[in-house]
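Trainee:
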Amino acid sequence: MNTNPAPSQRERQQTTQAARELIELLEVLWERGRDMVSPTPVSASQLRVLYSLDREEGISLRTLGDLLGSAPPSVSRMCDRLEALGFVQRLPSSVSRRQLELHLTVHGKAYLRDLRAQREEALLAVVAAMSPTSRKALLRGLTGFQEALGEGAPAGSSRPDRPLKDVSSA
Numbered sequence: 140m141n142t143n144p145a146p147s148q149r150e151r152q153q154t155t156q157a158a159r160e161l162i163e164l165l166e167v168l169w170e171r172g173r174d175m176v177s178p179t180p181v182s183a184s185q186l187r188v189l190y191s192l193d194r195e196e197g198i199s200l201r202t203l204g205d206l207l208g209s210a211p212p213s214v215s216r217m218c219d220r221l222e223a224l225g226f227v228q229r230l231p232s233s234v235s236r237r238q239l240e241l242h243l244t245v246h247g248k249a250y251l252r253d254l255r256a257q258r259e260e261a262l263l264a265v266v267a268a269m270s271p272t273s274r275k276a277l278l279r280g281l282t283g284f285q286e287a288l289g290e291g292a293p294a295g296s297s298r299p300d301r302p303l304k305d306v307s308s309a
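The sequence shown begins at 140 in the working numbering and counts up by one.
(1) With a 10 Å radius around its C-beta and 16 neighbouring C-beta atoms as the bar for buried, classify residue 240 as buried or exposed.
(2) Pull up the CB-CB distance for residue 168 and residue 261, whole angstroms please, since I reckon it's below 8 Å.
(3) Can you tell me which of the three DSSP states residue 231 falls into?
(4) Which full runs of the alpha helix (DSSP H) of 4+ residues lie inside the stretch 147-225, going along the chain?
(5) So the candidates are 242, 249 and 226; which of them puts its Cα closest to the Cα of residue 232?
(6) Taking the alpha-carbon positions, what's the residue 283 to residue 237 distance?
(7) Just the C-alpha distance for residue 161 and residue 181, rounded to the nearest angstrom, thanks.
(8) What first and last residue would you give for the alpha helix (DSSP H) that runs through residue 257?
(9) With contact counted as at least three CB pairs below 8 Å, one residue from each stretch, are the stretch 188-204 and the stretch 247-267 in contact?
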């Protein structure tokens with residue numbers, strides 16, 4: 140049950156603009172982090188594959204395609220490229236001889252770990268520069284955004300599996 144009053148058109152536009160600008164800034168931070176981790180950065184689509192495999196170790200190509208909302212040939216080509224980079228490996232399924240399971244390699248896990256560390260470092264620097272009141276407001280706003288996304292997200296979209304962590308003490 141939603142008890143929030145309907146926002147005005149102006150308020151929706153201002154909030155949308157602020158969110159868009161924040162996303163664009165985060166994209167810049169994300170790219171900096173990705174560039175610092177590896178001389179062969181992966182595409183955004185390939186990174187989604189890596190994140191998916193990190194959460195769902197051992198899934199099939201079909202399941203990965205469903206998670207990504209992508210056609211099997213596209214998913215297979217992305218996995219081919221990631222396998223060539225040494226980030227992903229295909230192994231026989233323990234359930235079915237006809238299926239292959241997708242797994243992150245040690246190199247793939249290290250890439251994600253380093254990428255996340257670089258990105259977290261960049262975010263922590265920004266959050267540390269904020270006032271405690273601003274940090275709490277950001278956490279409330281991002282939590283509300285995540286909740287709204289979870290309620291209205293289309294099926295198969297990539298939405299966060301875990302709630303935001305409390306950063307009020309950061």
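Backbone N, C-alpha and C define an ideal beta-carbon position, used for all residues, glycine too.
Mentor: Put simply:
(1) Burial call: buried.
(2) Between residue 261 and residue 168 the Cβ distance is about 5 Å, and since that is below 8 Å, they are a contact.
(3) In the structure shown, residue 231 sits in a strand (DSSP, three-state: E or B).
(4) Correct list: 148-176, 183-194, 200-207 and 211-224.
(5) Looking at the Cα atoms, 242 is the closest of the given residues.
(6) Each residue's CA atom was taken as its position, placing residue 283 and residue 237 some 43 Å apart.
(7) Between the alpha carbons of residue 161 and residue 181 lies a distance of about 23 Å.
(8) In the DSSP annotation of this structure, the continuous segment of the alpha helix (DSSP H) that includes residue 257 starts and ends at 245-267.
(9) These segments touch.
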